[in-house]
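Protein chains in written order, with my numbering: chain A, 2 to 938; chain B, 117 to 598.
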């Protein structure tokens with residue numbers, strides 16, 4: 002069946018021409034609107050001409066497939082396909098497209114340059130062509146979405162009108178959303194079939210129908226088809242889309258875009274049909290839409306609205322026919338696609354002429370036009386009669402086929418009557434609304450209060466209508482000779498199976514279908530006669546309107562989104578942190594729960610050091626101190642003191658676990674930070690305001706307990722799990738590698754000297770940061786405490802000052818001592834620096850800052866630099882011994898002669914550390930002190 | 117230690133950028149305000165130089181440096197080059213905006229370049245500590261950048277929030293890493309992977325560590341439920357900084373996810389997959405739903421980022437080569453889209469006026485049809501409408517997720533994408549169909565206009581020819597992940 006003909010390249014070329022042609026009207030626009038129209042028409046004509054050579058192949062029963070490799074990794078190839086179905090749609094798209102181009106030239110106001118309009122129309126046309134000519138299903142979806150987008154732009158062409166904008170957006174949301182569902186369905190389909198190429202998907206049809214994913218695929222694909230073809234309950238966008246200019250309606254909403262949905266049904270018919278799910282869902286939706294659309298059409302006062310609902314109804318009919326899934330019903334469906342496109346496009350165009358001439362579309366005002374524009378009226382009446390299914394017109398033929406199928410259909414077990422009855426009701430309604438259109442618009446007295454005086458339109462504006470109506474007649478009277486081949490080819494391609502025997506005749510003899518037709522005609526006319534009663538009756542019905550449903554959904558979503566936002570995103574950092582912690586807790590708890598081993602594997606066999614009384618007391622003190630800090634944090638001074646207690650207990654803990662170095666460091670750090678904090682506290686209010694509500698405190702307590710408890714458990718599990726530490730390595734290497742027995746110090750200045758260099762650099766930077774922040778800052782210290790009492794007038798008690806003076810040399814001596822012994826015993830440059838710092842801080846506390854300042858260097862940044870220079874310089878020295886920077890150089894000196902040099906290098910490094918620490922402490926101190934000056938002046 | 121030079125060669129791009137950043141910082145002290153243009157061009161030169169080095173030293177082979185702490189593989193090279201390009205584009209976009217607001221200073225360029233070094237280290241980190249160091253270098257620079265406009269209270273607040281939450285998240289990440297170290301006894305990613313392959317002794321520790329690592333990563337990516345910082349920071353920061361935060365760092369964050377979860381912890385993929393699934397679904401849902409309610413375009417883009425991250429996670433959670441490659445494709449597409457989106461906001465801002473609200477886009481078509489068209493492409497691409505780049509990005513990650521068997525989730529994601537399309541199209545509607553509120557002419561230098569046109573049209577062109585970018589992603593992943 003599939004053949005690569007020498008003309009195959011024409012297929013992609015035609016599509017390319019169409020897409021490239023989109024720009025032409027824009028370029029032509031500046032040379033007048035006529036040229037724009039000609040350009041648009043030329044593009045369509047050329048595309049059609051390019052495809053015509055292939056039609057012969059298709060008619061002979063072949064399918065032209067042209068693969069173009071593009072993204073093979075993702076199954077995404079540009080594969081094109083032309084078969085009977087594609088040919089039918091190509092002819093509809095390009096043929097009616099040409100007529101629309103001509104029609105629009107007269108329809109749109111002269112001031113419109115038309116370039117944009119034709120460009121959009123061509124874009125839509127190209128995308129539509131793309132849909133029907135795609136072999137690759139993904140490519141089809143891409144084009145599908147482009148039709149949604151371009152139709153959005155076309156519906157909103159009169160963008161200044163609010164109606165158009167709303168309608169365009171609604172159409173886009175519905176059809177675009179359906180397109181996404183379709184995308185999902187197609188991806189699934191491709192996954193199941195193993196390919197996105199239509200031929201292979203068709204070949205895998207049985208596999209797909211047997212797949213557990215089949216119901217999902219079907220649902221998604223049908224969602225796409227039903228939204229596009231305006232099937233109930235997604236039909237509501239189509240009547241609203243009538244806000245579009247009429248040429249757009251004639252093109253999109255009768256012949257092409259809305260047919261994309263039924264095209265999809267036809268395209269995937271061999272793949273998806275043949276199951277009960279298909280039969281029931283497709284035919285039920287089709288039947289409901291058929292009757293509902295016809296019923297609603299009767300009550301429209303706007304004749305374009307009437308046509309829109311009639312379109313919905315006819316699309317329902319086609320859907321129903323495909324749903325019935327007998328070969329003959331498919332033929333009827335394809336036939337009705339042709340017929341509907343012809344008569345509905347002509348009706349829309351006629352309606353456009355009337356609208357154009359009268360300035361309104363209200364059938365209560367537009368009456369009696371037959372006298373004013375007889376030719377147009379005649380044309381419209383013929384088309385409307387075809388819509389109603391009057392014999393000798395094309396609409397009658399496919400409707401007869403439908404009635405026959407309805408009678409013959411045996412797929413529904415329960416009742417054979419239901420389908421014929423449905424069909425007849427729909428037929429009656431169709432006749433009724435057609436009658437209303439004809440009678441109200443062209444007869445029924447005189448026009449009421451029209452904005453314009455109607456008369457016949459320009460000659461060429463009527464030509465497209467004339468051509469289409471002529472087609473109605475020709476097809477209606479000579480069906481086999483006019484469209485027989487086309488229908489057979491298209492239906493054959495849809496079925497992918499031999500065609501059933503059928504006869505395209507006008508007269509099939511007296512049978513039940515003919516009776517139904519007669520009943521429909523007579524009933525319809527009778528129904529129309531009783532319209533006044535009907536309208537009254539209809540008004541009492543609760544209005545079933547999914548348009549308001551859509552708007553309500555939209556509002557509901559926006560409101561819900563705001564509510565979620567208000568909870569999630571209220572700008573409060575506390576809320577964010579709480580949420581963050583809560584989610585971590587949930588995740589962590591969930592993970593632990595799922596693995597359930599926190600309680601078994603990690604904890605069993607764990608050994609920890611026994612806890613004695615002293616340790617218990619210390620732990621209790623630490624816990625109390627922590628809790629106290631939290632509880633009393635509103636009173637700043639108390640909180641700082643309590644935090645000091647915690648720090649002290651931590652240093653004691655280090656002593657308990659034989660880490661005197663850490664203890665010493667911790668102690669000094671603790672003292673320095675507490676003192677600096679106290680200095681800063683001086684400028685702050687004594688208490689902080691209470692900001693959290695009880696509820697929030699409760700929440701935070703819970704979260705903190707959860708996180709803290711979890712952390713503790715995890716840490717416990719980590720510490721008690723069997724593990725070899727790296728301590729042994731350092732203990733063994735300390736003396737031979739670093740030449741010192743104080744492992745901590747050796748690590749700091751030797752093994753990890755580079756790290757230490759980095760750390761003191763950070764310390765120096767922090768000091769500079771404090772300098773930058775505080776240098777020019779002047780604060781006015783408070784004169785009173787919170788109770789209104791004055792601060793002591795004498796800031797520096799004599800007693801303290803006297804006591805401090807002898808302490809200074811003592812403290813300095815201690816720091817030198819600690820510094821020198823550092824390499825072998827607890828101590829070192831860092832601790833020594835802190836001790837010196839503490840001593841000097843105490844001096845300034847006791848004697849006042851001016852006292853200290855007079856005796857200390859004016860500027861500390863140079864001291865920082867000096868310290869860093871020492872540390873880095875000694876590192877560089879090792880380069881002279883052809884050793885890498887800092888670290889390893891020291892480890893390799895084993896010779897007794899060089900042992901001295903090694904020691905010296907380390908001490909100089911430590912001196913650098915010392916200087917940086919001292920300078921940092923003093924710099925912060927003096928900067929804080931300078932703030933005082935505000936008080937003194 | 118004899119291979120120190122080969123180590124240095126491996127890390128040459130980082131070293132070069134670092135050196136140049138310091139040079140720029142120093143040079144700036146000696147420049148007059150009128151000579152600041154030099155800084156701009158020097159920064160661009162730095163990026164060009166780094167790109168040259170990266171491209172010249174590129175091989176498909178994987179090379180390690182610094183005792184396996186640092187790696188140079190095709191993924192690193194590809195992501196680094198994308199980072200350079202993104203940063204260079206950002207420099208072009210932001211120059212005018214910054215100079216109007218007194219922020220066109222050396223610090224900005226130095227900080228961005230330092231942040232970029234952080235990203236590069238994250239991309240090339242092969243050790244928990246290296247990764248963490250890169251992350252912190254990046255984060256600290258970003259905190260500072262957000263607060264660069266010190267007198268702007270909203271920016272300072274945003275910086276504060278970002279810093280506090282970011283520090284918390286970094287802490288979690290570090291905590292997770294330490295547990296991972298406790299469980300496997302190594303900080304090296306390859307060794308962690310091998311150790312897990314042989315069966316981890318303390319599984320619970322491992323999983324708990326994993327939870328914290330994933331939480332930390334999710335925070336950096338901005339995935340729900342760790343997304344809280346995103347809207348506030350996007351909104352509060354000066355737009356130039358938002359553009360930076362929202363774009364290129366995601367490449368580095370993506371690399372970090374690959375390094376940690378894929379190269380290190382692939383053995384426990386089942387466990388992290390579950391977490392990623394939850395985050396992906398939540399991100400897509402909340403990102404899209406919350407974006408509907410926004411009136412501020414920066415906040416809207418913030419939520420849109422969250423939903424994009426959700427899609428990115430869809431690729432990652434498939435835990436397949438195809439999934440990783442499609443995620444990489446997604447993240448590169450995302451960066452391009454984000455740059456263009458914020459580029460438009462920068463373009464519409466002018467002296468004393470910040471284009472921030474959706475209403476500021478009203479009637480853009482009447483003010484400037486070309487720019488409205490560009491924004492149309494950007495919005496379509498973000499919404500994932502074919503044939504733009506965003507469509508293929510979404511398509512590939514969803515396909516990867518489908519192959520991994522997440523059928524229901526894919527359907528959900530597609531439906532959510534439809535919700536998402538709604539607010540992107542609202543922007544289109546505002547631009548095309550509403551009356552402009554602000555009728556002043558658009559004042560922007562040519563360079564920026566050209567950049568924006570190239571960027572937005574690029575989204576379309578790459579959408580029509582996505583194979584190049586897809587090919588790079590597939591290549592990078594294939595040669596980097598064994």
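Ideal Cβ positions, reconstructed from N, Cα and C, are used throughout, including at glycine.
For residue 907(A), tell me which candidate among 917(A), 469(A), 875(A), 930(A) has the shortest Cα-Cα distance. Here residue 907(A) is taken as the residue at index 906 of the first chain, counted from 1. Of the listed residues, the one whose Cα sits closest to residue 907(A) is 875(A).
Taking residue 340(B) as the reference, which of 408(B), 419(B), 361(B) has the closest Cα? Position 224 of the second chain, counted from the first residue, corresponds to residue 340(B). Among 408(B), 419(B), 361(B), the Cα nearest to that of residue 340(B) is on 419(B).
Could you check how far apart the C-beta atoms of residue 841(A) and residue 871(A) are, in whole angstroms? I think they sit under 8 Å. Within the first chain, the letter at position 840 stands for residue 841(A). Within the first chain, the letter at position 870 stands for residue 871(A). About 20 Å; that fails the 8 Å criterion.
Please state the DSSP three-state secondary structure of residue 83(A). Along the first chain, read from residue 1 onward, the residue named residue 83(A) stands at position 82. Strand.
Please identify the residue among 565(A), 758(A), 720(A), 363(A) whose C-alpha is closest to the C-alpha of residue 909(A). For the purposes of this step, residue 909(A) is taken as residue 908 along the first chain, with counting starting at 1. Selected option, being the one with the closest Cα: 758(A).
Return helix, strand or coil for residue 394(B), following the three-state DSSP convention. As a first step, residue 394(B) is located in the second chain; it is residue number 278 there, counting from the start. DSSP places residue 394(B) in helix when its eight states are reduced to three.
Note down the Cα distance separating residue 940(A) from residue 471(B), rounded to an integer number of angstroms. One cannot answer for residue 940(A) here, as it falls past the ends of chain A, which runs 2 to 938.
Does any CB atom of chain A fall closer than 8 Å to the CB of residue 347(B)? Residue 347(B) sits at position 231 when you count from the first residue of the second chain. Yes, its Cβ sits closer than 8 Å to a Cβ of chain A.
Helix, strand or coil for residue 581(B), going by three-state DSSP, please let me know. Here residue 581(B) corresponds to residue number 465 of the second chain, with the count starting at 1. Note: residue 581(B) maps to coil in three-state DSSP.
Measure the C-alpha to C-alpha separation of residue 505(A) and residue 481(A) and round it to an integer number of angstroms. The count along the first chain starts at 1 and reaches residue 505(A) at position 504. The count along the first chain starts at 1 and reaches residue 481(A) at position 480. Their backbone Cα atoms lie some 5 Å apart in a straight line.
How would you list, in chain order, the residues of chain A whose beta-carbon sits under 8 Å from the beta-carbon of residue 527(B)? Position 411 of the second chain, counted from the start, is the residue given in the question as residue 527(B). Chain A residues near residue 527(B): 185, 217, 221.
So, at 8 Å on beta carbons, what are the nonlocal neighbours of residue 209(A) in its own chain, with the 5 sequence-adjacent residues on each side left out? Here residue 209(A) refers to the residue found at position 208 of the first chain. Answer for residue 209(A): 190, 193, 194, 202, 215, 218, 272, 273, listed in chain order.
For residue 341(A), is the classification buried or exposed, using 16 other Cβ atoms within 10 angstroms of its Cβ as the cut-off for buried? The residue labelled residue 341(A) in the question sits at position 340 within the first chain. It is buried - the Cβ of residue 341(A) has at least 16 other Cβ atoms within 10 Å.
At least three beta-carbon pairs within less than 8 Å, the stretch 471-481 of chain A to the stretch 503-519 of chain A: yes
Applying the 10 Å Cβ sphere with the 16-neighbour rule, what's the burial state of residue 144(B)? By one-based count along the second chain, residue 144(B) stands at place 28. So residue 144(B) counts as buried.
Buried versus exposed call for residue 54(A) [16 or more other C-beta atoms within 10 Å across all chains shown]: As a first step, residue 54(A) must be located in the first chain, where it is residue number 53. So residue 54(A) ends up on the exposed side.
Below 8 Å, can you find three or more Cβ-Cβ pairs linking the stretch 416-433 of chain A to the stretch 375-385 of chain A? no
Return helix, strand or coil for residue 187(B), following the three-state DSSP convention. Locating residue 187(B) in the second chain gives position 71, where the first residue counts as 1. Here residue 187(B) sits in strand by DSSP.
So with CB distances below 7 Å, who are the chain A contacts of residue 331(B)? As a working note, residue 331(B) is residue 215 in the second chain. 585, 588, listed in chain order.
Can you confirm whether residue 891(A), when its beta carbon is compared against all beta carbons of chain B, has any partner nearer than 8 Å? By one-based count along the first chain, residue 891(A) stands at place 890. Note on residue 891(A): pLDDT 46, under 50, position unreliable in the model; the coordinate value appears next. No, its Cβ sits nowhere closer than 8 Å to a Cβ of chain B.
Mind checking residue 551(B): buried by the 16 CB within 10 Å criterion, or exposed? Taking the second chain and counting its residues from 1, the one referred to as residue 551(B) is at position 435. Classification for residue 551(B): exposed.
I'd like to confirm the pairing. Which residues does DSSP put opposite residue 571(B) in its beta bridges? Locating residue 571(B) in the second chain gives position 455, where the first residue counts as 1. Note: residue 571(B) sits in no beta bridge, so no partner.
Reduced DSSP secondary structure (H/G/I, E/B, other) of residue 228(A): What you label residue 228(A) is simply residue 227 of the first chain in a count that begins at 1. Residue 228(A) falls in the helix class under three-state DSSP.
Report the start-end ranges of each alpha helix (DSSP H) in the stretch 263-330 of chain B that is 4 residues or longer and not cut off at the edges. 269-300, 305-313
Have a look at 198(A), 151(A), 238(A) and flag the residue whose alpha-carbon is nearest the alpha-carbon of residue 1(A). This structure does not reach residue 1(A), given that chain A is present from 2 up to 938, and the question cannot be answered.
What does the Cβ neighbour count give for residue 343(B), buried or exposed, with the cut at 16 atoms within 10 Å? As a first step, residue 343(B) must be located in the second chain, where it is residue number 227. Buried is the call here.
Distance between residue 45(A) and residue 64(A) (C-alpha atoms, nearest Å): Here residue 64(A) refers to the residue found at position 63 when the first chain is read from its first residue. Here residue 45(A) refers to the residue found at position 44 when the first chain is read from its first residue. Going from the Cα of residue 64(A) to the Cα of residue 45(A) covers about 23 Å.
For residue 135(A), the three-state DSSP class (helix, strand or coil): Sequence index remark: in the first chain, residue 135(A) carries index 134 (1-based). Three-state DSSP puts residue 135(A) in a strand.
Return the chain-ordered list of same chain residues with a C-beta closer than 8 Å to the C-beta of residue 391(A), the five sequence neighbours on each side being excluded. Indexing the first chain from 1 puts residue 391(A) at position 390. Contacts found: 397, 522.
Which word fits residue 778(A), buried or exposed, when buried means at least 16 other C-beta atoms lie within 10 angstroms of its C-beta? On the first chain, residue 778(A) is found 777 positions in, with the first residue counted as 1. Residue 778(A) comes out exposed.
How about residue 545(B): is its C-beta nearer than 8 Å to some C-beta of chain A? In the second chain, counting from the first residue as 1, residue 545(B) sits at position 429. At least one chain A Cβ lies under 8 Å of residue 545(B).
Along the chain, where does the beta strand (DSSP E) containing residue 179(B) start, and where does it finish? Along the second chain, one-based indexing puts residue 179(B) at 63. First-last of the beta strand (DSSP E) with residue 179(B): 179-181.
Taking only beta-carbon atoms, is residue 599(A) less than 8 Å away from chain B? The sequence position of residue 599(A) within the first chain is 598, counting from 1. Annotation note: pLDDT 46 at residue 599(A) (below 50); position unreliable, no value reported.
For residue 456(A), count neighbouring Cβ atoms within 10 angstroms of its own Cβ and tell me buried if that reaches 16, exposed if not. What you label residue 456(A) is simply residue 455 of the first chain in a count that begins at 1. Answer is exposed; the Cβ neighbour count stays below 16.
How far does the alpha helix (DSSP H) with residue 540(A) in it reach, from first residue to last? In the first chain, the residue the question calls residue 540(A) occupies position 539. Segment 532-541, the alpha helix (DSSP H) holding residue 540(A).
Which residues does DSSP list as the beta-bridge partners of residue 466(B)? As a first step, residue 466(B) must be located in the second chain, where it is residue number 350. According to DSSP, which records beta bridges pairwise, residue 466(B) is partnered with 469(B).
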